[in-house]
Amino acid sequence: MMMAVAPILLPLATALLCALAQAAPRLQRSISLCGAVALLVCAIALLGQVLQRGIVTMAAGNWPLPFGIEIAADRLGSALVLVAAVMLVVVLVWQYSDADTAPASPFLHPLLHGLVAGAVAAFLAADLFNLYVWFEVALICSLGLLAQGGALRQLDAALKYFVLNLFGTLLLLTAVALLYATTGQLNFKALGAAVAGGGSPLLLPMVGMLILAFLIKAAAFPFYAWLPASYHTLPGPVLALFSALLSKIGICALIRTMTSIFYPAPELLFELLGWIALLSMLSGVLGAAYHWDMRRILAFHSISQVGYMLLAVALASRAGDAAAIFFALHHSLVKAGLILAAALIFRQAGHYDLRRIGGLYAARPGLAIAFLLLALSLVGIPPLSGFWGKYLIVTESILQGHYLWAGMALFVGALTFYSMIKIWLQAFWKPHPDPNWSPPATPRLFPAYAGLGALVLTALWIGLFPEQLLVFVTDAATTLHGGAP
Amino acid sequence: MIWPVALAMGVVIAAGMYLAFSRELLRCLIGLAMLGSGINLLLFSAGRFGSSAPPIIRDMETVLSGSANALPQALVLTAIVISFALLCFSLVLAVRLLQSSGSDDVLQLRSAEPPATDPVKPALEDEP
């Protein structure tokens, strides 16, 4: 089926066209946006197909499985593809406003599309080695985006990102080699069948290694150092795309591994994952409470939110996996929206550090309300989207008797509230430290506000009418466990 | 054949790990490249070493027997290409870092995360 590979081929082709149009920045920008809109249409069509017919697959060269390299779009994968496409469109629409103050670079658009191609293909891959290849495509494009600024702090960030992520990919490659040597399979379904048959004691360390690699990619405790070391050096819109996509690649692969490939995974792995999740939630939110730079605060919150998703996976039930998928979708949109709002605050107030800004509420009340809505959604205040994610996780933990986990999830929510309100009070409520400051009369911010508004409305919509999405994620979890929705 | 390869793999991975933990920038990157090569050897040997006959089904036969496993060879080629590209990128990055920071000690590279001056608050940067 062509449908399953179209969302991978489109951004790759657009990246190529953008690279060819380097000399003409305006043309390049238009090609880039057209490609992104086409990807969005494709993603919607793919999701429609998946909703109608279950899993849409494509085996390269029509080889029979498990010999052909398979691309399989299930509900989890195609929903994440749609989120990636939406975020790409929002970020590219931002390029039509004056909100992004980073100097224009001819490499921005090809690299953005390359990153999205890598992420989308990793969401859809149904083959372990293919997954590794797409991880690497996303890695090299994100490295390019980090280093393209060329300032010392960006190069420094790129180095740390590179070294720590490379350990992750090497670990992944080791696990792939060992699993192939033991089972002789790479396709997810065939691997699952091979493992279910015997289950040699050697498999546990290999699966552990695979999960470790995905945890490094997802920025879980204690492997998250690459994320706060690099994210804050990126320009706002690129940072929004990073935080929406990169950790989700790891989470998506982890959910697949723990549900459809190695199921039932040993109890020990789930127990360990639960503690890693708790420590990620706590260390992320404490890091956010310490920092005063908006980008750093939001980067640390990503670690904490990844902890919630891991906690949901560690519950090892269908409801837990549904909660993890819901949380991943909600987090991609809301966190990206918060970062875009922070970029707009930076554009108007002149700095990302909260100690140098203030007084924006009087000047930009609309932005203040948009930020507050997104922040409360991240915290999980009803009736916003984050509430349902946390509600699902907490009720499932209590049902399973993990009272400590449930209590921790609520406690971390309170700390999240503290640091979100810190941003809001410092940026909007407090008077500006410079009494002569007035917001710049920027000529064109409409596209930026439109993109942000779309994300705020989506968060509100999910919060007010969650039924459809709740049914969708439950079906997605059922499909992952091998059932028919 | 498998024992010499396993020994070589162990030596390369140990040396790569030792270098990767170095504070010197170039040693660290070369160590990572060696680590990658060691793991490529592991990937290559995942198909076992036996016959070296090409995997071609001859006339009048329907089953492939007694040939080399071609799949790990394809996998390792892909992995080699990827690790080569990453090595090139990392060396260029290292050269740029050495030029602009003037130090090859990774502990001196603090410009992305400047050390705090206040006991309870992070450093206040001028540059946004």
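Protein chains in written order, with my numbering: chain A, 1 to 485; chain B, 486 to 613. Think of the CB as a built atom: it goes at the ideal place given N, C-alpha and C, for glycine as much as any other residue.
Members of the stretch 224–244 of chain A that neighbour chain B once the beta carbon cut-off is set at 8 Å: Taken in chain order, the members of the stretch 224–244 of chain A whose beta-carbon sits within less than 8 Å of a beta-carbon on chain B are P228, A229, S230, H232 and T233.
How long is the line joining the alpha carbons of I44(A) and L470(A), rounded to whole angstroms? Within the first sequence, residue 44(A) is the residue found at index 44, counting from 1. Within the first sequence, residue 470(A) is the residue found at index 470, counting from 1. In this structure, the CA atom of I44(A) is about 18 Å from the CA atom of L470(A).
Give the straight-line distance between the Cα atoms of L179(A) and S537(B), rounded to the nearest whole angstrom. Sequence index remark: in the first sequence, residue 179(A) carries index 179 (1-based). Sequence index remark: in the second sequence, residue 537(B) carries index 52 (1-based). A direct Cα-Cα distance of roughly 23 Å separates L179(A) from S537(B).
Using 10 angstroms around the beta-carbon of K160(A), count the other beta-carbons present and answer buried if the total reaches 16, otherwise exposed. Against the first sequence, residue 160(A) aligns to sequence position 160. That one is buried.
Contact under 7 Å by Cβ, L524(B) with L170(A): Looking up residue 524(B) in the second sequence gives position 39. Looking up residue 170(A) in the first sequence gives position 170. The amino acid at residue 524(B) is misidentified as Leu; the sequence shows Ile. Using a Cβ distance threshold of 7 Å, I524(B) and L170(A) count as a contacting pair.
Exposure label - V91(A); buried when at least 16 CB within 10 Å: On the first sequence, position 91 is the one that residue 91(A) refers to. V91(A) is buried by the Cβ-count criterion.
Any Cβ of chain B within less than 7 Å of the Cβ of R364(A)? Against the first sequence, residue 364(A) aligns to sequence position 364. By this cut-off, R364(A) is not an interface position.
May I ask which residues mark the beginning and end of the alpha helix (DSSP H) holding T57(A)? In the first sequence, the residue the question calls residue 57(A) occupies position 57. Not the alpha helix (DSSP H): T57(A) falls in the beta strand (DSSP E), residues V56 to A59.
In the DSSP assignment, what are the bridge partners of N487(A)? Since the first and last residues shown for chain A are 1 and 485, residue 487(A) lies out of range.
Are the CB atoms of A314(A) and A277(A) nearer to each other than 7 Å? Locating residue 314(A) in the first sequence gives position 314, counting from the first residue. Locating residue 277(A) in the first sequence gives position 277, counting from the first residue. For A314(A) and A277(A), yes; Cβs fall inside 7 Å.
Strand pairing of E509(B), partner residues [DSSP]: Residue 509(B) sits at position 24 when you count from the first residue of the second sequence. Paired residue(s): D590(B).
So if I threshold CB-CB distances at 8 Å, which residues from the stretch 337–359 of chain A count as touching chain B? Within the stretch 337–359 of chain A, the qualifying residues are F346, G350, H351, Y352, D353, R355 and R356.
Using a Cβ-Cβ cut-off of 6 Å (strictly less than) and excluding sequence neighbours within five positions of I251(A), which residues of its own chain qualify? Stepping through the first sequence from its first residue, residue 251(A) is reached at position 251. Here the set comprises A218, M309 and A328.
Looking at the unbroken alpha helix (DSSP H) that takes in A409(A), where does it start and where does it end? The sequence position of residue 409(A) within the first sequence is 409, counting from 1. Boundaries of the alpha helix (DSSP H) harbouring A409(A): Y403 to W424, taken from the DSSP string.
Return yes when the Cβ of A194(A) is within less than 7 Å of the Cβ of L527(B), no when it is not. Residue mapping note: residue 527(B) aligns to position 42 of the second sequence, counting from 1. Residue mapping note: residue 194(A) aligns to position 194 of the first sequence, counting from 1. Contact flag unset, no.
Among residues of its own chain, excluding the 5 on either side of L572(B), which ones have a beta-carbon nearer than 7 Å to its beta-carbon? As a position in the second sequence, residue 572(B) is number 87, starting the count at 1. Excluding sequence neighbours, L572(B) sits near A518.
Kindly indicate if chain A contains any beta-carbon less than 7 Å away from that of R512(B). The residue given as residue 512(B) occupies position 27 in the second sequence. So, not an interface residue.
Interface flag, S536(B) vs chain A, CB-CB below 7 Å: Walking along the second sequence from the start, residue 536(B) turns up at place 51. Taking 7 Å as the CB threshold, S536(B) stays off the interface with chain A.
Among F270(A), V412(A), Y224(A) and T233(A), whose alpha-carbon lies nearest the alpha-carbon of D321(A)? One-based indexing of the first sequence puts residue 321(A) at position 321. Put simply, of F270(A), V412(A), Y224(A) and T233(A) the residue whose alpha carbon is nearest the alpha carbon of D321(A) is F270(A).
Assuming A342(A) is part of the alpha helix (DSSP H), what are its boundary residues? On the first sequence, residue 342(A) is found 342 positions in, with the first residue counted as 1. Segment R318 to A349, the alpha helix (DSSP H) holding A342(A).
Who are the near neighbours of V56(A) in its chain, counting only those whose CB is closer than 6 Å to its CB and skipping five residues on each side? Working through the first sequence from its first residue, we reach residue 56(A) at position 56. Taken in chain order, the residues that qualify are M1, M3, A4, Q49, V50 and A73.
Tell me, to the nearest whole angstrom, how far the beta carbon of L115(A) is from that of A79(A); I am working on the premise that it is less than 8 Å. The residue given as residue 115(A) occupies position 115 in the first sequence. The residue given as residue 79(A) occupies position 79 in the first sequence. About 19 Å; that fails the 8 Å criterion.
For D293(A), which of helix, strand or coil comes out of DSSP? Numbered from 1 along the first sequence, position 293 holds the residue referred to as residue 293(A). Strand at D293(A).
Under three-state DSSP, which class holds I261(A)? For this step, residue 261(A) is matched to residue 261 along the first sequence. Helix.
Rounded to whole angstroms, what is the Cα-Cα separation between A484(A) and E70(A)? On the first sequence, residue 484(A) is found 484 positions in, with the first residue counted as 1. On the first sequence, residue 70(A) is found 70 positions in, with the first residue counted as 1. Taking the straight line from one Cα to the other gives about 20 Å.
Environment of A555(B) [buried if 16+ CB atoms lie within 10 Å]: On the second sequence, residue 555(B) is found 70 positions in, with the first residue counted as 1. Exposed.
Note down, in chain order, every chain A residue with its Cβ under 7 Å from the Cβ of R581(B). Position 96 of the second sequence, counted from the first residue, corresponds to residue 581(B). Those are L155, listed as they occur along chain A.
Are the C-beta atoms of F387(A) and some chain B residue less than 7 Å apart? One-based indexing of the first sequence puts residue 387(A) at position 387. No, no contact with chain B.
Proximity winner among S332(A), P466(A), Q305(A) and A476(A), relative to F417(A) (alpha-carbon distances): In the first sequence, counting from the first residue as 1, residue 417(A) sits at position 417. The shortest C-alpha separation from F417(A) is found at Q305(A).
Would you list the residues sitting across from E598(B) in a DSSP beta bridge? Within the second sequence, numbered from 1, the residue matching residue 598(B) stands at position 113. BP columns for E598(B) are empty, so no partner.
Give the range of the beta strand (DSSP E) segment to which E70(A) is assigned. Locating residue 70(A) in the first sequence gives position 70, counting from the first residue. First-last of the beta strand (DSSP E) with E70(A): E70 to A73.
What residue does the alpha helix (DSSP H) around A450(A) start on, and which one ends it? Within the first sequence, the letter at position 450 stands for residue 450(A). F446 to L464 is the span of the alpha helix (DSSP H), which, as asked, contains A450(A).
Euclidean distance between Cα positions of P586(B) and R153(A): Taking the second sequence and counting its residues from 1, one reaches residue 586(B) at position 101. Taking the first sequence and counting its residues from 1, one reaches residue 153(A) at position 153. The residue asked about is misnamed: residue 586(B) is Ser in this sequence, not Pro. Looking at the two C-alpha atoms, the distance is approximately 10 Å.
Pick out whichever of L16(A), P110(A), L360(A) and S200(A) has its Cα sitting closest to the Cα of P440(A). Taking the first sequence and counting its residues from 1, one reaches residue 440(A) at position 440. For P440(A), the nearest C-alpha among the options comes from L360(A).
For the stretch 273–292 of chain A, enumerate the residues whose C-beta is nearer than 9 Å to any C-beta of chain B, in chain order. Against chain B - using a Cβ distance shorter than 9 Å - the residues of the stretch 273–292 of chain A are Y290, H291 and W292.
Rounded to a whole number of angstroms, what is the C-alpha to C-alpha distance between G489(A) and L282(A)? Coverage of chain A is limited to positions 1 through 485, which leaves residue 489(A) absent and any answer about it impossible.
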